[in-house]
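Structure record follows, encoded as structure tokens.
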Amino acid sequence: MLPADGKKAISFQHLIANGDLIIVYERHDNLKAIKVCDGSELQNRFGVFKHSDWIGKPFGSKVFSSKGGFVYLLAPTPELWTLVLSHRTQILYIADISFVVSFLEIVPGCVVLESGTGSGSLSTSLARAVAPTGHVYTFDFHEQRAASARDDFEKTGLSNLVTVGVRDIQGEGFPDEFSGAADSVFLDLPQPWLAIPSAGKMLKQDGVLCSFSPCIEQVQRSCETMRLNFTDIRTFEVLLRTYEVREGKTDFGGSENGSPISSLPCKRRQCSSEIDNNRGDNKYSTAVMARPSAEAKGHTGYLTFARLKCIQ
Amino acid sequence: MAETNLQNDSIQNPRITWEGCSVLLDINDGDRLVFARLSAASSLKIGDKKCALSPLIGCPFGSLFQVETGSKGPYLSRIVAASEDDIQEKSDLQLKDETKDNRALVDNNSAQTLSGEDIDAMRRQGATGDEIVEALIANSSTFEKKTSFSQEKYRIKKQKKYAPRVLLRRPFSRSICEAYFKKYPARIGYLRVDTLSLLLSMANVSAYSDVLVVDMVETSIIGLSFIFPPKWLPASHAFEAIGWNLEVNYMASQFWFFTIENSIFYLHLGYGYVCNTYFGATQYPMDIVRIFNLNNKICGSILRSPVSDLCLASSNSSEHHGQQETFSLQSESDMGESISSGVSLIEPEGQVVQMETSFQSVEPSMPCQVPMSTDETVTSSVSRACKPAKPGEKATPEILNLWKSNGFSSLIIAAPELDTWSTVKDLLPLLSYSAPFAVYHQYLQPLATCMHNLQVSKMAINLQISEPWLREYQVLPSRTHPFMQMSAFGGYILSGIKICNNNEAQNQSK
Chain A
1 MLPADGKKAI SFQHLIANGD LIIVYERHDN LKAIKVCDGS ELQNRFGVFK
51 HSDWIGKPFG SKVFSSKGGF VYLLAPTPEL WTLVLSHRTQ ILYIADISFV
101 VSFLEIVPGC VVLESGTGSG SLSTSLARAV APTGHVYTFD FHEQRAASAR
151 DDFEKTGLSN LVTVGVRDIQ GEGFPDEFSG AADSVFLDLP QPWLAIPSAG
201 KMLKQDGVLC SFSPCIEQVQ RSCETMRLNF TDIRTFEVLL RTYEVREGKT
251 DFGGSENGSP ISSLPCKRRQ CSSEIDNNRG DNKYSTAVMA RPSAEAKGHT
301 GYLTFARLKC IQ
Chain S
313 MAETNLQNDS IQNPRITWEG CSVLLDINDG DRLVFARLSA ASSLKIGDKK
363 CALSPLIGCP FGSLFQVETG SKGPYLSRIV AASEDDIQEK SDLQLKDETK
413 DNRALVDNNS AQTLSGEDID AMRRQGATGD EIVEALIANS STFEKKTSFS
463 QEKYRIKKQK KYAPRVLLRR PFSRSICEAY FKKYPARIGY LRVDTLSLLL
513 SMANVSAYSD VLVVDMVETS IIGLSFIFPP KWLPASHAFE AIGWNLEVNY
563 MASQFWFFTI ENSIFYLHLG YGYVCNTYFG ATQYPMDIVR IFNLNNKICG
613 SILRSPVSDL CLASSNSSEH HGQQETFSLQ SESDMGESIS SGVSLIEPEG
663 QVVQMETSFQ SVEPSMPCQV PMSTDETVTS SVSRACKPAK PGEKATPEIL
713 NLWKSNGFSS LIIAAPELDT WSTVKDLLPL LSYSAPFAVY HQYLQPLATC
763 MHNLQVSKMA INLQISEPWL REYQVLPSRT HPFMQMSAFG GYILSGIKIC
813 NNNEAQNQSK
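Just so you know, the protein sequences line up as chains A and S, in that order. For the first sequence, our numbering gives the first residue as 1, with consecutive numbering after it. For the second sequence, our numbering gives the first residue as 313, with consecutive numbering after it.
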């Protein structure tokens, strides 16, 4: 998934090969991760796709099924992975993920501790941020979940950057070997306040902690605990509003005193062809218009950041 | 190389400041943020007091200082653990439940019996800031009637005025962006920190990736966030500026900033190159490079190339290399032009002579080695070609070809002055297939138009316009709520993934 020294993740020269992990894109809301395997087939509502047809094509290619349906084959990125990974738990999405990475000041070479691992959505982005010389140590008390996460990091080629441990961080804290070694710590736990003292021990001086909690009561309690060893305690909520774009037709109606402008959004392809046909006809004009999508995620969780107090 | 090693030695523990290091100073809990360079001579004006910054040298980042007045005038004194405990106790007081309210408060400005003259007299007698704050509280007739929450507020307000605190911070792209957004949002094109983070994620920025960046906001936060964070790059050296010492003195309420005009950064993150490319006629200043006091390795990796060379690299780059071709922006009228032509070179209106700068005059006539992706090779080839390495070498035809044959792995555009669609249309062909891109704009319409055109021309998929929304909370016992004031807008991002046009692919694979 990530480029390495001398090895590019994507390039004009890089063609899909047997064994590659690819993201099959049907629509923006329908994506799937697949390991290319000569002889295998992908079957979906667009027909049957032979993996063998894909090998040797560039990433980003449009490929057709026996029935003439098509999908796109994309190179995996942490953002796409977040959309396709199997949800073993509630996961973090791009707005929270990117905010966490930048607020935790994670740069190449950092050592980051995380708990719980969950489905590994954030871990994947953390790994990208610490690469090539840093490392992410992520812990989950659920043995099976940890094993699945490990498999996923193997699949995405990140196992040299992420180590999954099985441990009850709320109960036992982080392992002592990381004392004073972590640049940043991320907690996504039901009772983060139990793990905060340990997180403080793990952090280098001036290191940053983040706790993600869906409920304000959790935040309240975490903040009280943080006040003992941490400073710069700040809580945020970050959400995304997306926009729909349509080419609309505006009817001037020929009347000079400006009848209320009515816009008739229609399929863009039709409109675009109409522009050409109606050129010179000044009764209608088309314009690209945008409006916020009607539905959006209203809440994911609160992100609380705090910096280890500098005491000596 | 020896010099590089020395530099590295001097920054073995980047969590402690050193002389010559650049820092972010947070004054009075975020009221003011100042970038400063620590030296024996540098000073900072806080309120009406000028304090030397030398006491900050050798302290860990995160240290807190308070302005005290000594016999030789005001100075910054480090607040150590013991006194911090006091602060902690004070704020713990407010945890108790309250029955007090403001029914007895009369706002007639007579509550404080201590006059300005009294305070001045105390100061002359050498009272510390904390003592003045205590005296103010003791002489406030209403203080006891206040809720402990507003007592604390009162105390903080007075402390800020009479005993200002300075917090020593490592300058990070996040904190720099926040600082600018708070004070001078226009200078960073209203790019809020969450939007900046999102841009970097959406463009899949990582080590060894080849990011093409068009960053034309006045203060290049995006360019900065690439070059700045890597640890092997001395964080504070990176931010060392020309005339920084001077600036610190007169910077009272002004952020020091730098300008990058008409520049595109090509960045091979961490180990490779920054290729500063330009649209338009005027040679932009390489201010960013002078700002970052970079070591040889980094300087050697900053290259420049006009867009025309980038676009032409495949066909016959060696011919075009070195020619002073300029690339003018396509106006809106060009929008109907065929998209499939991978090359867009338009002669500028009127003859424009490209200015030679001192950077360009060191353009090596001897060819650099074809760089491999390993930083060692790059370093050695560059340092051989030009000692000491100067930033802004023109990209060699070999490097251009390398870029062309691989394609960039992502594209970030933050260029409010450029027509979004024509910029995207021109630069997208430089991107590898399946490469993500992210375009920032503070207005929605240019992105909507661009998205629509990309859809119609089937150049990209997974297109989305997003607007991040960020709300900060006050979290206090029984007093948790969103902040009363918030930023209502942090910019829009158009993101997408370039797809492989089959014809193009066939040409490529030949």
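We put the CB at the ideal spot given by N, CA and C, even for glycine. Predicted, not measured: the structure shown is a model, and the values here were computed from it.
Determine whether the Cβ of residue i lies closer than 8 Å to any Cβ atom of chain S.
{"i": "A:V288", "result": "yes"}
{"i": "A:F186", "result": "no"}
{"i": "A:S11", "result": "yes"}
{"i": "A:G60", "result": "yes"}
{"i": "A:R234", "result": "yes"}
{"i": "A:C215", "result": "no"}
{"i": "A:Q144", "result": "no"}
{"i": "A:P175", "result": "no"}
{"i": "A:I55", "result": "no"}
{"i": "A:L85", "result": "no"}
{"i": "A:L21", "result": "no"}
Please confirm whether residue i and residue j have their CB atoms less than 8 Å apart.
{"i": "A:G47", "j": "A:I16", "result": "no"}
{"i": "A:Q170", "j": "A:A195", "result": "yes"}
{"i": "A:F99", "j": "A:L209", "result": "no"}
{"i": "A:I23", "j": "A:V84", "result": "yes"}
{"i": "S:A519", "j": "A:P108", "result": "yes"}
{"i": "A:P192", "j": "A:S211", "result": "yes"}
{"i": "S:D506", "j": "A:V238", "result": "yes"}
{"i": "S:S749", "j": "S:L743", "result": "This sequence places Phe at residue 749 of chain S; Ser is not what is there. Closer than 8 Å, so yes."}
{"i": "A:K309", "j": "A:F230", "result": "yes"}
{"i": "A:V162", "j": "A:T138", "result": "yes"}
{"i": "A:C37", "j": "A:H14", "result": "no"}
{"i": "A:F64", "j": "A:I10", "result": "no"}
{"i": "A:S184", "j": "A:L92", "result": "no"}
{"i": "S:A727", "j": "S:T735", "result": "yes"}
{"i": "S:V517", "j": "S:L739", "result": "no"}
{"i": "A:L80", "j": "A:A127", "result": "no"}
According to the neighbour-count rule (16 or more other Cβ atoms, all chains shown, within 10 Å of its Cβ), is residue i buried or exposed?
{"i": "A:P190", "result": "exposed"}
{"i": "A:L228", "result": "exposed"}
{"i": "S:H793", "result": "exposed"}
{"i": "S:A352", "result": "exposed"}
{"i": "S:S427", "result": "exposed"}
{"i": "S:K737", "result": "buried"}
{"i": "S:G501", "result": "buried"}
{"i": "S:N774", "result": "buried"}
{"i": "S:H753", "result": "buried"}
Taking CB distances under 8 Å as the criterion, tell me whether residue i reaches chain A.
{"i": "S:A760", "result": "yes"}
{"i": "S:V505", "result": "yes"}
{"i": "S:W733", "result": "no"}
{"i": "S:S370", "result": "Contrary to the premise, residue 370 of chain S reads as Gly rather than Ser in this sequence. So no, S:G370 is outside the interface."}
{"i": "S:E456", "result": "no"}
{"i": "S:K810", "result": "yes"}
{"i": "S:L356", "result": "no"}
{"i": "S:M771", "result": "no"}
{"i": "S:R327", "result": "yes"}
{"i": "S:Q463", "result": "no"}
{"i": "S:R486", "result": "yes"}
{"i": "S:N340", "result": "no"}
What is the DSSP secondary structure of residue i, counted as helix, strand or coil?
{"i": "A:K62", "result": "strand"}
{"i": "S:L775", "result": "strand"}
{"i": "S:V736", "result": "helix"}
{"i": "A:M289", "result": "strand"}
{"i": "S:E710", "result": "helix"}
{"i": "A:R246", "result": "strand"}
{"i": "S:H834", "result": "Any answer about residue 834 of chain S is impossible in this case: the structure gives chain S only from 313 up to 822."}
{"i": "S:K469", "result": "helix"}
{"i": "A:G171", "result": "helix"}
{"i": "S:T425", "result": "coil"}
{"i": "A:T225", "result": "helix"}
{"i": "A:N44", "result": "strand"}
{"i": "A:Y72", "result": "strand"}
Taking C-beta pairs closer than 7 Å, name the residues in chain C that residue i reaches, listed in chain order.
{"i": "A:A75", "result": "No chain C is part of this structure, whose protein chains are labelled A and S."}
| field | Every unbroken beta strand (DSSP E) within the stretch 83 to 131 of chain A, with a cutoff of 3 residues, ordered by chain | value | If we require 3 residues or more, the beta strand (DSSP E) runs fully inside the stretch 83 to 131 of chain A come out as 111 to 115.
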